[in-house]
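Below is one structure, written out as structure tokens; comments come after it.
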Amino acid sequence: MGQGIDVVTRYRCVDAQKAAGFAATAACEAVEVSTTAYYQWVAGETHEPGDKERADAALLAEIRDIHAHMDETYGSPRMKFELTRRGWQANEKRVARLMREHGLVGYRPVKRASTTQRDTGEPPMPDLVGRHFDPAWPGHVWCGDLTYVPTGEGWLYVATVIDLASRRLIGWSMSDTPDAQLMIAALDHAVAERGVARMNGVIFHHDRGTQYMSAAFAQACWRLGVTQSASRTGSCLDNAVAESFFATLKVELVNRCRYQTRREARTSIFRWIARYNDRRLHSTLNYLPPTEWEQAHSCRAPVRMST
Numbered sequence: 001m002g003q004g005i006d007v008v009t010r011y012r013c014v015d016a017q018k019a020a021g022f023a024a025t026a027a028c029e030a031v032e033v034s035t036t037a038y039y040q041w042v043a044g045e046t047h048e049p050g051d052k053e054r055a056d057a058a059l060l061a062e063i064r065d066i067h068a069h070m071d072e073t074y075g076s077p078r079m080k081f082e083l084t085r086r087g088w089q090a091n092e093k094r095v096a097r098l099m100r101e102h103g104l105v106g107y108r109p110v111k112r113a114s115t116t117q118r119d120t121g122e123p124p125m126p127d128l129v130g131r132h133f134d135p136a137w138p139g140h141v142w143c144g145d146l147t148y149v150p151t152g153e154g155w156l157y158v159a160t161v162i163d164l165a166s167r168r169l170i171g172w173s174m175s176d177t178p179d180a181q182l183m184i185a186a187l188d189h190a191v192a193e194r195g196v197a198r199m200n201g202v203i204f205h206h207d208r209g210t211q212y213m214s215a216a217f218a219q220a221c222w223r224l225g226v227t228q229s230a231s232r233t234g235s236c237l238d239n240a241v242a243e244s245f246f247a248t249l250k251v252e253l254v255n256r257c258r259y260q261t262r263r264e265a266r267t268s269i270f271r272w273i274a275r276y277n278d279r280r281l282h283s284t285l286n287y288l289p290p291t292e293w294e295q296a297h298s299c300r301a302p303v304r305m306s307t
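Residue numbers for the sequence shown follow UniProt numbering, beginning at 1 and rising by one.
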């Protein structure tokens with residue numbers, strides 16, 4: 001049934017279906033209401049909506065609007081915080097109930113396959129992060145990773161640079177070749193995004209893939225004033241933030257699309273990144289978008305840049 005139909009009209013449709021001989025459970029499912037809520041409505045003294053029903057209907061309309069604008073990716077926790085930002089007062093239990101009763105479900109992460117090509121030489125490089133993924137200020141510790149996106153033309157590879165404090169994606173690059181130049185381009189993008197030619201020892205944490213452990217990437221880090229940090233071999237938890245970002249990208253976008261060309265995939269991912277940085281609420285940031293959190297904190301401490 002269409003999203004614009006109010007709940008009382010749906011209950012009356014169930015009444016009509018029951019009178020025609022259909023089971024209440026099937027009728028409720030057809031009009032997207034819960035059987036329990038229907039019988040609670042039937043038990044009332046009147047079929048006119050009360051204050052609670054009207055309030056639920058108004059809140060549900062707002063939930064549907066958020067659900068649509070965020071491409072059906074929000075579950076009840078993030079939905080509750082977005083409602084609060086819009087001036088609504090509703091606890092998560094109520095939001096979860098309305099979403100459940102009306103079939104509004106957010107997408108959940110799934111385990112992804114690793115794309116890392118390990119460097120069997122294992123040159124020594126310290127882990128300077130040690131799973132401490134919450135620096136106080138932006139511009140001190142970054143992390144990055146590589147993933148792939150299927151298209152009708154073959155794989156599109158995506159490299160990222162994320163500021164660990166703000167969780168903002170500050171650098172990225174896409175290519176049909178997963179080489180060191182792809183990672184270097186993402187790092188160049190991140191430094192340029194900070195508005196300088198060279199950083200002042202900012203830590204960049206990554207896995208031990210051959211691209212990150214290459215001489216070309218090490219030279220790029222030296223040129224850009226970046227200090228490398230590498231996770232232990234085979235430990236995805238050592239780079240959990242970068243892994244989590246790609247899980248979100250896959251669940252909210254890539255797994256729901258069938259790209260015919262790499263160009264189509266690039267455009268789609270670029271738009272999603274803009275929404276991720278500027279609009280998507282992040283649980284680690286007290287449910288603020290990364291850009292908003294960064295703007296609130298960047299003025300309190302200097303970003304590590306070199307003049």
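The C-beta atom is built at its ideal place from N, Cα and C for all residues, glycine as well.
Quick caveat, the model's predicted, so the values are computed rather than measured.
Cβ shell of residue i (< 7 angstroms), same chain only, five flanking positions each side left out
i: Thr173; result: Residue 173 is actually Ser in this sequence, not Thr. Hits under 7 angstroms: Ala159, Leu182, Ala185, Ala186 and His189.
i: Glu101; result: Val33, Ser34 and Ala37
i: Ala220; result: Ile184 and Leu187
i: His67; result: Tyr74 and Leu104
Opening and closing residue of the beta strand (DSSP E) in which residue i lies
i: Val191; result: Per DSSP, Val191 belongs to no beta strand (DSSP E); it is in the alpha helix (DSSP H), Ala180 to Glu193.
i: Phe204; result: Val202 to His206
i: Arg169; result: The question names Arg, but residue 169 in the sequence shown is Leu. That run of the beta strand (DSSP E) goes Leu169 to Ser175.
i: Tyr148; result: Leu146 to Thr151
Candidates the options, of which the one nearest residue i by Cα
i: Thr84; options: Arg198, Met70, Gln219 and Tyr287; result: Tyr287
i: His132; options: Asn277, Glu72 and Val241; result: Val241
i: Gly201; options: Gly139, Phe245, Ala96 and Pro135; result: Gly139
i: Arg263; options: Gly152, Glu53, Ala27 and Asp145; result: Gly152
i: Asp71; options: Ser283, Tyr276 and Trp293; result: Tyr276
i: Val33; options: Gly154, Pro178, Tyr157 and Gly103; result: Gly103
i: Ser229; options: Tyr11, Trp88 and Cys143; result: Cys143
i: Gly87; options: Tyr74, Ile63 and Arg258; result: Ile63
i: Lys80; options: Leu59, Met199 and Cys236; result: Leu59
i: Thr9; options: Ser283, Glu53, Arg271 and Thr36; result: Glu53
i: Asp278; options: Thr35, Lys250, Trp293 and Ala27; result: Trp293
i: Val161; options: Val191, Ala90 and Asp176; result: Val191
i: Arg271; options: Leu249, Asn255, Arg258 and Ser283; result: Leu249
i: Asn255; options: Asp176, Tyr148 and Ala296; result: Tyr148
i: Ser283; options: Val141, Glu82 and Gln295; result: Glu82
i: Ala55; options: Ile66, Asp65 and Ala90; result: Ala90
i: Glu29; options: Asp127, His69, Tyr11 and Gly21; result: Tyr11
Extent of the continuous alpha helix (DSSP H) run through residue i
i: Leu224; result: Ala215 to Leu224
i: Ala37; result: Thr35 to Ala43
i: Ala76; result: Here residue 76 turns out to be Ser, not Ala, going by the sequence shown. Its alpha helix (DSSP H) spans residues Ser76 to Arg85.
i: Asp65; result: Asp51 to His69
i: Leu156; result: Per DSSP, Leu156 belongs to no alpha helix (DSSP H); it is in the beta strand (DSSP E), Gly154 to Asp163.
i: Tyr276; result: Arg262 to Asp278
i: Cys13; result: Val7 to Ala19
i: Ala96; result: Glu92 to Glu101
i: Phe245; result: Ala240 to Glu252
i: Ala30; result: Ala24 to Ala30
Chain B contact for residue i (CB, 8 angstroms cutoff)
i: His69; result: No chain B appears in the structure shown, which is made up of a single protein chain.
Bridge-paired residues (DSSP) for residue i
i: Val129; result: DSSP, once it has assigned bridges, lists no residue as partnering Val129.
i: Gln228; result: Phe204
i: Trp142; result: Asp163 and Phe204
i: Leu288; result: His282
Whether residue i touches residue j by CB criterion (8 angstroms)
i: Val42; j: Val31; result: no
i: Pro290; j: Arg194; result: no
i: Val129; j: Ala57; result: no
i: Phe204; j: Thr227; result: yes
i: Tyr38; j: Ala24; result: yes
i: Ile269; j: Leu285; result: no
i: Ala136; j: Ala165; result: yes
i: Asp145; j: Asn239; result: yes
i: Arg232; j: Leu156; result: no
i: Leu224; j: Met199; result: yes
i: Gly154; j: Asp176; result: yes
Contact set for residue i: own chain, Cβ-Cβ below 6 angstroms, skip 5 residues either direction
i: Thr116; result: Note that Thr116 scores a pLDDT of 49, beneath 50, so its modelled location is shaky; the value from the coordinates is reported in the next line. For Thr116, where only same-chain residues beyond five positions count, the Cβ hits under 6 angstroms are Asp207 and Gly209.
i: Pro150; result: none
i: Ile273; result: Leu169
i: Arg78; result: Leu281
i: Ser298; result: Pro138
i: Ala180; result: Gln211, Ser214, Ala216 and Phe217
i: Ala301; result: Per-residue confidence for Ala301 stands at a pLDDT of 46, beneath the threshold of 50, marking its modelled position as unreliable; the derived number appears in the next sentence. Counting only Cβ-Cβ distances below 6 angstroms, and skipping sequence neighbours, we find Trp137.
i: Glu243; result: Cys236
Spatial neighbours of residue i in its chain, beta-carbon cut-off 8 angstroms, leaving aside the 5 residues before and after
i: Glu45; result: At Glu45, the pLDDT of 43 sits below 50, so the modelled position is not reliable; the number obtained from the coordinates is stated separately. Excluding residues within five positions, none has a Cβ falling inside 8 angstroms.
i: Ser76; result: Glu92, Val95, Ala96, Met99 and Gly106
i: Lys18; result: Ala24 and Ala27
i: Tyr259; result: Val149, Pro150, Thr151, Gly152, Leu156, Ala265 and Ser268
i: Gln295; result: none
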